[in-house]
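Just so you know, we're using this note's numbering here: the sequence shown kicks off at 815 and counts up by one.
Notes to accompany the following structure.
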Amino acid sequence: MTVLVTGAAGFIGSHVAHVLLARGETVVGIDNMNDYYDVALKQARLDRLLPKPGFTFRKVDIADQVGLAEALGDAGRIDSIVHLAAQAGVRYSLEDPHAYVSANVVGQLNILEFARHNDHLKHLVYASSSSVYGGNTKLPFEVEDRVDTPLSLYAATKKADELFGHAYAHLYRIPMTGLRFFTVYGPWGRPDMAAFIFTKKIIEGQPIPVFNNGEMQRDFTYIDDIVTGVVNCLDAPPAVEEGVVPQRIYNIGNNRSEQLMRLIEVLEDAIGKKAVIDFKPMQPGDVTATYANIDAMTRDFGFSPTTPIDVGIPKFVDWYRGFYS
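What follows is the structure, given as structure tokens:
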């Protein structure tokens, strides 16, 4: 099977590519290698993939319709797509909203158009986000909850991705699954995420910014658990049946909401150093708490995350120290 992985130099995308290659799949990876965060980290992830048999890479922006068609024109038969390329980050969407519409809306459309014209495609799995729950206050978040109160442009674009997906699944019978990711962390993670920011600043003796005076909760999900869920989902596309739209949406999280101050305690223990905390007010676009109901993922794909932060955070800190030493 040949799988197109978009965002292959990204955090989740690179991990997914490794697992697919390890089980014998052919992987075509694409990424635009933009400078939203350290390009050297993206290149380091990519450098681990490039020597592997069965992996090829094309540098292209998914928002570039012509460039995307040219980059994939000689890729051969694509059986499945794991679409993870996106402009991430809630706070940055306040600074550069056009980047989010370009990558997350136009880019989603271009991938859907590519899928539409691929007669061999068995399944398209794409990334949504827990951010779509926006102003919801009922915990845990359930897929059936209303998601029409986004608190950031990022959240609005990810909800738009789900709507575009539904339309294309309905019109063109493309088997499709959207996954709402909940705060993914782990080795090779993104520098704009809390675990990374806090680790760097604690090690360097700098104050860490803690928003909403620490009154925050997140469903922190370890990367290995996430990848297992993504791959299991990829292997089980929705049936294409008369009268049923072949798109599904799932939460994919740790099914456990942790207090932010608890995360900081675990980091302090793993690093062996106390944090200097700079309490700050709530930031525009942020939500106070996230918590995933994953019953449907467990029922349909046997998804059962096994990594609490007490185990996952020390693994991340070990990777960080090794990579940046």
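All residues carry an ideal CB built from backbone N, CA and C; glycine is no exception.
Quantities reported herein were computed from a predicted structural model and do not represent experimental measurements.
CB contact flag (residue i, residue j, <8 Å)
i            : j            : result
residue 886  : residue 928  : yes
residue 1115 : residue 1072 : no
residue 1120 : residue 1039 : yes
residue 1065 : residue 1107 : yes
residue 860  : residue 871  : yes
residue 897  : residue 850  : no
residue 987  : residue 1051 : no
residue 893  : residue 815  : yes
residue 1132 : residue 1022 : no
residue 822  : residue 877  : no
residue 907  : residue 1104 : no
residue 790  : residue 1003 : What the structure shows of the chain is the stretch from 815 to 1139, and residue 790 is not part of that stretch, so it cannot be assessed.
residue 953  : residue 1008 : no
residue 1005 : residue 852  : yes
residue 827  : residue 833  : no
residue 938  : residue 1001 : no
residue 866  : residue 846  : no
residue 1041 : residue 829  : yes
residue 961  : residue 1110 : no
residue 841  : residue 835  : yes
residue 1117 : residue 1046 : yes
Nearest to residue i (by Cα), restricted to the options the options
i            : options                   : result
residue 1058 : 1012, 976, 1021 and 980   : 980
residue 983  : 969, 1105, 1063 and 816   : 1063
residue 1012 : 1024, 1001 and 1112       : 1024
residue 932  : 1129, 817 and 1125        : 817
residue 1102 : 1075, 879 and 1030        : 1030
residue 947  : 1138, 1049 and 966        : 966
residue 844  : 1053, 921 and 957         : 921
residue 868  : 831, 1028 and 880         : 831
residue 1100 : 1026, 834 and 824         : 1026
residue 1134 : 1053, 1094, 1036 and 1017 : 1017
residue 848  : 1137, 857 and 842         : 857
residue 891  : 934, 1049 and 990         : 934
residue 1015 : 1037, 1081 and 989        : 1081
residue 977  : 1010, 1020 and 926        : 926
residue 1037 : 1125, 862 and 864         : 1125
residue 1028 : 1043, 1053 and 1075       : 1075
residue 880  : 1079, 1098, 904 and 924   : 924
residue 1137 : 1098, 1010 and 1032       : 1010
residue 904  : 875, 1098 and 936         : 1098
residue 1127 : 1079, 975 and 959         : 1079
residue 955  : 862, 1123, 1122 and 1032  : 1032
residue 875  : 919, 975 and 1122         : 919
residue 839  : 1094, 1089, 895 and 959   : 895
residue 1070 : 1089, 1094, 1122 and 1090 : 1122
Residue i, buried or exposed, once every other Cβ within 10 Å from all chains shown has been counted against 16
i            : result
residue 1055 : exposed
residue 1096 : exposed
residue 964  : buried
residue 837  : exposed
residue 854  : exposed
residue 949  : exposed
residue 951  : exposed
residue 1049 : exposed
residue 1019 : exposed
residue 1053 : exposed
residue 914  : buried
residue 1044 : buried
residue 884  : exposed
residue 863  : buried
Distance cut-off 7 Å: residue i Cβ against heavy atoms of the ligand MN
i            : result
residue 1001 : This structure lacks the ligand MN; in fact it carries no ligand of any kind.
Using a Cβ distance threshold of 8 Å, determine whether the stretch 997-1007 contacts the stretch 1082-1089, with at least three qualifying pairs required. Contact fails: fewer than three Cβ-Cβ distances are below 8 Å.
Is it the case that the stretch 964-974 contacts the stretch 887-907, given that we only count it when at least three CB pairs across the two stretches are under 8 Å? Touching, yes.
Restricting to runs no shorter than 3 residues, where is the beta strand (DSSP E) found entirely within the stretch 1003-1085? Counting whole runs of 3 or more residues, the stretch 1003-1085 contains the beta strand (DSSP E) stretches 1021-1025 and 1061-1066.
Taking the runs of the beta strand (DSSP E) that are 3 residues or longer, which of them lie wholly in the stretch 850-926? The qualifying runs are 869-873 and 894-897.
List in chain order: all unbroken beta strand (DSSP E) runs of 3+ residues lying wholly within the stretch 934-1013. Counting only runs of 3 or more residues that sit fully inside the stretch 934-1013, the beta strand (DSSP E) segments are 937-943 and 990-995, in chain order.
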